[in-house]
Amino acid sequence: DAGITQSPRHKVTETGTPVTLRCHQTENHRYMYWYRQDPGHGLRLIHYSYGVKDTDKGEVSDGYSVSRSKTEDFLLTLESATSSQTSVYFCAISPAMTKYNEQFFGPGTRLTVL
Amino acid sequence: AQSVTQPDIHITVSEGASLELRCNYSYGATPYLFWYVQSPGQGLQLLLKYFSGDTLVQGIKGFEAEFKRSQSSFNLRKPSVHWSDAAEYFCAVGAPFGNEKLTFGTGTRLTIIP
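Chains as they are written, first to last, in the numbering used here: chain A, 1104 to 1217; chain B, 7 to 120.
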């Protein structure tokens, strides 16, 4: 299994509070991604990173920000959480120097916003 | 833009029976195609992938998939399912060279009955 950890694994928070989710990899892969998974929608890309300090938006980026100050860490921040952001969040990584863009997934973080 | 359709939300199969999960994609050229499996409460695990060459691809856990360009399909098959195959299955499409993002289908939930 790819060395990907996510923390926390579960979190319950209240509307309006800031939340940061962490993805940590030990594979030294260049690309990192944040997805959310909701019933009926599959996985939708929130943000991704193609290198340290290099990030870009995905299809559902509103209300989320990311940062990547080190190759191994990719942080997802909800500045002011809303109930619509209750979801399961997955981090994924993909190696550089390949054309195949195969992605490996972390175990997920279940976030509940009350 | 690339897209993926998994027309079956839920499929029920008897243990020992054969399985076929459907996936249709939209992309202007030959895409990269993937099948992932997600067991309850787990992350996504790559089952198999297609990049080029032989259109019948073998994966892990006895699964295979066939790329049919004329039908824009990449259906997943298994000749005899086991109770442990109960999970959710996601098809994904990626574009070669320069686009590192994957687009996922909405998933098919597989139930196995004794």
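Where a beta carbon is used, it is the ideal one built from N, C-alpha and C, also for glycine.
Quiz item: Just checking my contact of threonine 1116 of chain A with alanine 1184 of chain A at CB under 8 Å: how many whole Å lie between their CB atoms?
Solution: For the purposes of this step, residue 1116 of chain A is taken as residue 13 along the first sequence, with counting starting at 1. For the purposes of this step, residue 1184 of chain A is taken as residue 81 along the first sequence, with counting starting at 1. Right, their Cβ atoms sit about 5 Å apart.
Quiz item: Just reading off the beta strand (DSSP E) that isoleucine 15 of chain B is part of, what are its end residues?
Solution: In the second sequence, counting from the first residue as 1, residue 15 of chain B sits at position 9. Neither: isoleucine 15 of chain B is in no beta strand (DSSP E) and is coded neither H nor E.
Quiz item: Out of B/Lys74, B/Tyr33, B/Ser78 and B/Leu50, which has the shortest C-alpha to C-alpha gap to glutamate 1205 of chain A?
Solution: Taking the first sequence and counting its residues from 1, the one referred to as residue 1205 of chain A is at position 102. Cα-wise, what sits closest to glutamate 1205 of chain A is B/Leu50.
Quiz item: Closest to serine 20 of chain B by CA distance: which of B/Asp14, B/Leu53 and B/Ser90 is it?
Solution: Residue mapping note: residue 20 of chain B aligns to position 14 of the second sequence, counting from 1. Nearest of B/Asp14, B/Leu53 and B/Ser90 to serine 20 of chain B, Cα basis: B/Ser90.
Self-check item: Within chain A, the residues that glycine 111 of chain B reaches when beta carbons sit closer than 8 Å
Solution: Sequence index remark: in the second sequence, residue 111 of chain B carries index 105 (1-based). Gly1145, listed in chain order.
Exercise. Starting from the beta carbon of phenylalanine 1193 of chain A, find every residue of chain B whose beta carbon is closer than 8 Å, and list them in chain order.
Key: Locating residue 1193 of chain A in the first sequence gives position 90, where the first residue counts as 1. Within 8 Å Cβ-Cβ: Gly49 and Leu50.
Quiz item: Tell me, which residues are paired with valine 1097 of chain A by DSSP?
Solution: Outside the shown range of chain A, which is 1104 to 1217, sits residue 1097 of chain A, and nothing can be said about it.
Quiz prompt | 8 Å CB neighbourhood of valine 10 of chain B in its chain, flanking five on each side removed | solution = As a working mapping, residue 10 of chain B is identified with position 4 in the second sequence. Correct list, in chain order: Cys29, Asn30, Tyr31, Ser32, Cys97, Ala98, Val99, Thr109, Phe110 and Gly111.
Quiz item: Run through DSSP, which three-state label would arginine 1139 of chain A get?
Solution: Residue 1139 of chain A sits at position 36 when you count from the first residue of the first sequence. DSSP places arginine 1139 of chain A in strand when its eight states are reduced to three.
Exercise. Take the Cβ of arginine 75 of chain B as the centre, count every other Cβ of all protein chains shown within 10 Å, and call the residue buried at 16 or more, exposed below.
Key: Translated into the one-based positions of the second sequence, residue 75 of chain B becomes position 69. Using a 10 angstroms sphere on the CB of arginine 75 of chain B, the tally of other CB atoms stays under 16, which defines it as exposed.
Exercise. List the residues of chain A whose Cβ lies closer than 9 Å to the Cβ of phenylalanine 96 of chain B, in chain order.
Key: Residue numbering aside, residue 96 of chain B sits at position 90 when the second sequence is read from its first letter. Here the neighbours are Gly1145 and Leu1146.
Quiz prompt | serine 1137 of chain A versus A/Phe1177, A/Leu1214 and A/Asn1131, residue with shortest Cα-Cα distance | solution = Start at 1 with the first residue of the first sequence, and residue 1137 of chain A comes out as number 34. The displayed chain sequence assigns tryptophan, not serine, to residue 1137 of chain A. If we check each option's Cα against that of tryptophan 1137 of chain A, A/Phe1177 comes out closest.
Practice problem: Taking only beta-carbon positions, decide if phenylalanine 1208 of chain A is within less than 8 Å of chain B. | Solution: As a first step, residue 1208 of chain A is located in the first sequence; it is residue number 105 there, counting from the start. With 8 Å as the cut-off, phenylalanine 1208 of chain A counts as an interface residue toward chain B.
Self-check item: Nonlocal neighbours in the same chain, by C-beta distance under 6 Å from threonine 1123 of chain A, ignoring five residues either side
Solution: Taking the first residue of the first sequence as position 1, residue 1123 of chain A is located at position 20. Counting only Cβ-Cβ distances below 6 Å, and skipping sequence neighbours, we find Leu1178 and Thr1180.
Exercise. Using a Cβ-Cβ cut-off of less than 9 Å, give me the residues of the segment 55-69 of chain B that come near chain A, in sequence order.
Key: Lys55 and Phe57
Exercise. Could you tell me whether the segment 1141-1150 of chain A touches the segment 1160-1172 of chain A, where touching means 3 or more Cβ pairs closer than 8 Å?
Key: yes
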